[in-house]
Amino acid sequence: MKGPLFYSKILLFGEYGIIKDSKGLSIPYNFFKGALKSSEELSDESKKSNESLQRFATYLEKVSKEDASFSFDIEALKKDVEEGMYFDSSIPQGYGVGSSGALVAAIYHKYAHNKITVLENLTKDKLLTLKGVFSKMESFFHGKSSGLDPLNSYLSLPILINSRDNIESTSIPSQNNQGTGAVFLLDSGIIGETAPMVQIFMERMKEDGFRHMLKDQFIKHTDACVEDFINGNVKSLFGNIKQLSHVVLDHFKPMIPSQFHKIWKHGIDTNKYYLKLCGSGGGGYILGFTEDIDGARKELKDYNLEVVYNF
Numbered sequence: 004m005k006g007p008l009f010y011s012k013i014l015l016f017g018e019y020g021i022i023k024d025s026k027g028l029s030i031p032y033n034f035f036k037g038a039l040k041s042s043e044e045l046s047d048e049s050k051k052s053n054e055s056l057q058r059f060a061t062y063l064e065k066v067s068k069e070d071a072s073f074s075f076d077i078e079a080l081k082k083d084v085e086e087g088m089y090f091d092s093s094i095p096q097g098y099g100v101g102s103s104g105a106l107v108a109a110i111y112h113k114y115a116h117n118k119i120t121v122l123e124n125l126t127k128d129k130l131l132t133l134k135g136v137f138s139k140m141e142s143f144f145h146g147k148s149s150g151l152d153p154l155n156s157y158l159s160l161p162i163l164i165n166s167r168d169n170i171e172s173t174s175i176p177s178q179n180n181q182g183t184g185a186v187f188l189l190d191s192g193i194i195g196e197t198a199p200m201v202q203i204f205m206e207r208m209k210e211d212g213f214r215h216m217l218k219d220q221f222i223k224h225t226d227a228c229v230e231d232f233i234n235g236n237v238k239s240l241f242g243n244i245k246q247l248s249h250v251v252l253d254h255f256k257p258m259i260p261s262q263f264h265k266i267w268k269h270g271i272d273t274n275k276y277y278l279k280l281c282g283s284g285g286g287g288y289i290l291g292f293t294e295d296i297d298g299a300r301k302e303l304k305d306y307n308l309e310v311v312y313n314f
């Protein structure tokens, strides 16, 4: 048995902000992928995945009993897990690129009853229904999930988040492979954990000053970046990304690994590149934007840099 491939994702804009109704933009990232497979002889890695799927199946069974709208072929899932099913994935865990999202998408695709498919007319209501189901499923891994990562992985389409209850599939300007501008990933070399980072954010949200900063600066620049990116306003986009990078460095320091504080500031000071969080931060990938990818590579020569999108 081998299931279809599900891809990683990158939340270009909206980390933390979407919790408080900012806009967001999430795109599929086909460099990493995963699929359900089955084997009688499991490697250590596959065995770990299989054991995790056993616990996940138990969780889905429990939720199905509590929620009538949540309907899966649990018996088939349990049987397949018993027979050695695991999730074979190249998506790094704790890197902010949606490893659990791809797994959730794969399980929904194979075992959900009355599933919504990418082939039908994806109305906003259907997208919200899907997001709701995925949110409940992925909460098993993260404690609290928006459901956006699995949605992106399942549909393999860019998703525009207008607000919590208003999402739509969207198109983004096609890449200019000759362009010198780029979005890139920087490998921090550290595994990040989502739950502790979100916990820090929620604690900070109790402070008046932090809440005002979030609304007046962070969300304002995030929304502007989303609009600029979708509309291809590159000049305006870089102005807003610089502002956003500055706000994150000033107010989200615990989410930035300490050894990156200096190069983060260096990018803002020199305008050679701008860095921002990729997912919840704390490690994993850091997202970068530059108008001169060769110049950025020189500045960041000590780091592993992977281009995701060319302007």
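All letters in the sequence shown, in the order written, are residues 4 to 314 by the numbering used here.
Cβ atoms here follow ideal geometry from the backbone N, Cα and C, with glycine treated the same way.
The structure displayed is predicted, hence computed values, not measured ones.
Residue i to residue j span [Cα, whole Å]
i	j	result
residue 178	residue 160	15 Å
residue 29	residue 230	13 Å
residue 217	residue 20	8 Å
residue 213	residue 73	37 Å
residue 200	residue 285	7 Å
residue 79	residue 46	23 Å
residue 269	residue 34	28 Å
residue 123	residue 240	33 Å
residue 53	residue 87	7 Å
residue 106	residue 167	23 Å
residue 245	residue 302	17 Å
residue 44	residue 31	32 Å
residue 115	residue 300	44 Å
residue 55	residue 9	18 Å
Buried versus exposed call for residue i [16 or more other C-beta atoms within 10 Å across all chains shown]
i	result
residue 156	buried
residue 208	exposed
residue 225	buried
residue 138	buried
residue 140	buried
residue 174	exposed
residue 197	buried
residue 205	exposed
residue 117	exposed
Per DSSP, cross-strand counterpart(s) of residue i
i	result
residue 121	For residue 121, which the question treats as bridged, DSSP gives no partner whatsoever.
residue 160	Answer is none; residue 160 lacks a bridge partner.
residue 292	186, 277
residue 29	14, 162
residue 310	187
residue 37	9, 92
residue 172	162
residue 109	According to DSSP, which records beta bridges pairwise, residue 109 is partnered with nothing at all.
residue 299	In DSSP, residue 299 forms no bridge with anything.
Proximal residues to residue i (C-beta, below 6 Å), its chain only, five neighbours per side dropped
i	result
residue 307	190
residue 316	Because residue 316 is not part of the residues shown, which for the chain are 4 to 314, the question remains open.
residue 81	60
residue 310	185, 187
Residues of its chain near residue i, where Cβ-Cβ distance is below 7 Å and the 5 sequence neighbours each way are ignored
i	result
residue 223	none
residue 48	none
residue 64	77
Same chain only: Cβ atoms within 8 Å of residue i, ignoring 5 sequence neighbours per side
i	result
residue 165	26, 171
residue 271	245, 248, 249, 252, 277
The ligand MG heavy atom lying under 7 Å from the CB of residue i
i	result
residue 31	The ligand MG is not part of this structure, which contains no ligands at all.
Ranges of the alpha helix (DSSP H) found wholly within the segment 54 to 94, counting only runs of at least 4: 77 to 85
Hey, which unbroken runs of the alpha helix (DSSP H) at 4 residues or more fall wholly within the segment 198 to 266? 211 to 216, 222 to 234, 237 to 254
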